[in-house]
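So the protein lines, in turn, are chains A and B. Using my numbering, the letters of the first sequence correspond one by one to residues 601 to 931. Using my numbering, the letters of the second sequence correspond one by one to residues 73 to 326. The structure under discussion appears below in the form of structure tokens.
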Amino acid sequence: MRIDYRIEQPVALHASFEVAGFTVLLGASGEGKTLLLSAIAGLIAARGKPFDGLPPQQRAVGYLPQGHALFPHLRAWENVAFSLRGAQRRAQALQWLERVGMADLAERWPASLSGGQQQRVALARALARKPSLLLLDEPTSALDPVTRDEVLAELIAEVHEAGIPALAVSHDPALAAVADRLVLMHGRRIVQIGTPEEVHAQPASGAVARLLGLRNVQRGRVVGSPGAQRLSWPEAEASLPLETPLPDGTLVDWHIAPAAVRLHDQSVAPADAIPAAFELRQTAPHRSYLGMRCGQARLWVEPPAGYELPAASAVSLPPQAIRCWPVENGS
Amino acid sequence: MARYRPRLSALPAALALLLLATPFVGLLLATDWRHFGFAHGDGGAVRVSLGYSLIALLPIVALGTPLAWWLARHRVRGQWLVDALLLVSLLTPPLAMGLLLASMYGPYGPAGHLLERAGVLLTNSAPAFILAQFYAALPYYVMAARTAFEGVPRELEQIALTLGYSPWRSFVHVSLPLARLGLAAAVALAWVRALGEFGAVLIVAYYPQGIPVKLWVNLQDIGLDAVYPLLWVFFLAALPMPLVLGMAVRRRLA
């Protein structure tokens, strides 16, 4: 389904993209993502397709706002049955709750449900309306971090099963990772569209790389011409060898994968190595990162398993591992 | 964790309660219990007060609720004029309000003249009595109901729209039930205000006599001994509804 909306107030915004399967619009806070959903649902003044000019009650959208907005005066099944009419509404509502695995909690009040349970009731309520488009505002924000991935997987499975195109807006890279399709927004513009694999393989800019949650996205400037180039990294007060076709003086966002950074003992470090002080260790189930301070900057390093950090350490950044994006004016 | 000690705050609270109770302790002491009896017409005054106050609640709720919702949900240019109008209605001394009502709705007033042609007499009549109570209680009801509606998250009304509800159905099925506790308090407040109104009623509807005017008449014609019994009846008749509504609200909130 093609979305093409133009908003004038309270901020000017134009967004045009295709929603297919579970599509995630990824953007930082303040980009107007919630506003775009409100516009599509017809809750604020805007022009665009689909649903142009229709009042909200005639737009076939299932809207799941942040925090889920269940009606607190209605039980779970009554929330789901809200858009249903006729003698069968209770039975139909229970079927929808069954589908999202919530049939046992049909008689509960929303306040007694967890964030994930509320989300499923809200999803059932939205699906019961038979929408042609699902709109989800920050669907991961109200979830318990421990169960988040499971709840998210469940949500996406249900959206796929319903066969309805879904647009989720978020700033959460974890949600972007499970999308069928990613739309990236920066500076109130759409800056890249693609599958998560495509976007991760070739982020269009430093801003996109930051939105994707990549570690080690830094600002710098190219010094010298191709062949004898260096990267000036003002935050670390350092200069690194660089191999790009970019002209002298280009302002760049640059990135290096934490696993590509090499750690050295300062006494035997190569000439280009930068002194780096250990700040913190971040241990995850399958890997661990070291936060190293270089001047004012923090560089994340993923050391090889069992690596012993020397007392005085330095880091070197292989030039072929550094990826640069020229910074556009104003961004 | 230190145990919460309510002693300090309890002192002024107890003092406030004591001050509130003082006049009624006076009533207890001043009532001549051995010769407790009613003046001629007291029963009629009770019927007039209760019956017409109930009737006055109907237009107050029917007209005040949409206004309160509109005020809670819309911001328009010049809204301060509406706020000022509500405040002026609250501020106007009841006696002055009675005079203003008489000047508009009385036989020589522009509105009164028109209504008299239609057969409605708004002086010393049941409609006049209800009119005075309406003006006395409406602004209080609107203020309280507006606050009740402001407590309803707008997002829930919007969700009802996205689920296919018209704005009217959304109001009935979401806004009203979610505001019901505050609206109940607003109704109780309107009831108390309407029943107790003296000044405006005195000017536009000396007859039929409700309890507040009858208290004054009893004082003039007979003396204090004829006031206290009627006052006891007034409390007995007026208190149950706001008391029960208020208790219901607090039980729900707890």
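Glycine is no exception: its CB is placed at the ideal position from the N, C-alpha and C atoms. Predicted model, so just to flag it, every value in this text is computed and none were measured.
- Only buried fits tyrosine 213 of chain B, as 16 or more other CB atoms lie within 10 angstroms of its CB.
- Alanine 93 of chain B carries a helical assignment under DSSP once its states are collapsed to helix, strand and coil.
- DSSP links glycine 794 of chain A through a beta bridge to A/Leu782.
- Between valine 808 of chain A and leucine 784 of chain A, the beta carbon gap of about 5 Å places them in contact (Cβ cut-off 8 Å).
- Secondary-structure assignment with DSSP links leucine 767 of chain A through a beta bridge to A/Thr623, A/Leu735.
- For alanine 706 of chain A and leucine 697 of chain A, the gap between their C-alpha atoms comes out near 7 Å.
- Between glycine 642 of chain A and the set A/Glu631, A/Pro655, A/Gly630, the nearest pair of CA atoms involves A/Pro655.
- DSSP places glutamate 879 of chain A within a strand segment (E or B) once states are collapsed to three.
- Here glycine 662 of chain A carries a strand assignment [DSSP, helix/strand/coil].
- Inside the region 215-269 of chain B, DSSP marks whole alpha helix (DSSP H) runs of 4 or more residues at positions 226-234, 239-242, 248-268, from first to last along the chain.
- DSSP links glutamate 618 of chain A through a beta bridge to A/Arg602.
- Just so you know, the alpha carbons of valine 246 of chain B and leucine 735 of chain A end up roughly 21 Å apart.
- The contact set of tyrosine 605 of chain A on chain B, defined by CB atoms closer than 7 Å, is empty, because the minimum CB distance reaches about 16 Å.
- Taking the CA atoms as reference points, tryptophan 833 of chain A sits about 8 Å from leucine 840 of chain A.
- With at least 16 other beta carbons inside 10 angstroms of its own, glycine 806 of chain A counts as buried.
- Beta-bridge annotation (DSSP): glutamine 609 of chain A is not paired with any residue.
- With a cut-off of 8 Å on Cβ pairs, the region 218-233 of chain B is in contact with the region 242-260 of chain B, counting three or more such pairs.
- Tryptophan 709 of chain A carries a coil assignment under DSSP once its states are collapsed to helix, strand and coil.
- Burial is judged here by how many other beta carbons sit within 10 angstroms of a residue's own beta carbon; threonine 137 of chain B has at least 16 and is buried.
- Assignment of glycine 113 of chain B by DSSP, reduced to helix, strand and coil, places it in the coil class.
- Three or more Cβ pairs closer than 8 Å define a contact, and the region 247-262 of chain B falls short of that threshold against the region 157-165 of chain B.
- With 16 or more neighbouring CB atoms inside 10 Å of its own CB, glutamine 281 of chain B falls in the buried class.
- One thing to note: proline 765 of chain A has its Cβ within 7 Å of the Cβ of valine 619 of chain A.
- In the three-state reduction of the DSSP assignment, glycine 648 of chain A falls in the strand class, which pools E and B.
- The region 774-784 of chain A makes no contact with the region 644-653 of chain A, as fewer than three CB pairs between them are under 8 Å.
- Of the residues A/Ser913, A/Leu626, A/Val791, A/Gln719, the one whose Cα lies closest to the Cα of alanine 869 of chain A is A/Ser913.
- A Cβ-Cβ distance of about 32 Å is found for the pair leucine 846 of chain A and phenylalanine 878 of chain A, leaving them out of contact under the 8 Å criterion.
- Counting of Cβ neighbours within 10 angstroms places alanine 921 of chain A among the exposed residues, the total staying below 16.
- Look at serine 805 of chain A here: in three-state DSSP terms it is coil, with no helix or strand label.
- In this chain, tyrosine 889 of chain A is not harboured by any alpha helix (DSSP H); it is covered by the beta strand (DSSP E) spanning 888-894.
- Taking C-beta atoms under 8 Å as the contact rule, leucine 193 of chain B and valine 276 of chain B fail to qualify, at a distance of about 11 Å.
- The beta carbon of glycine 824 of chain A is closer than 7 Å to those of Arg830, Asp848 in its chain, skipping five residues each way along the sequence.
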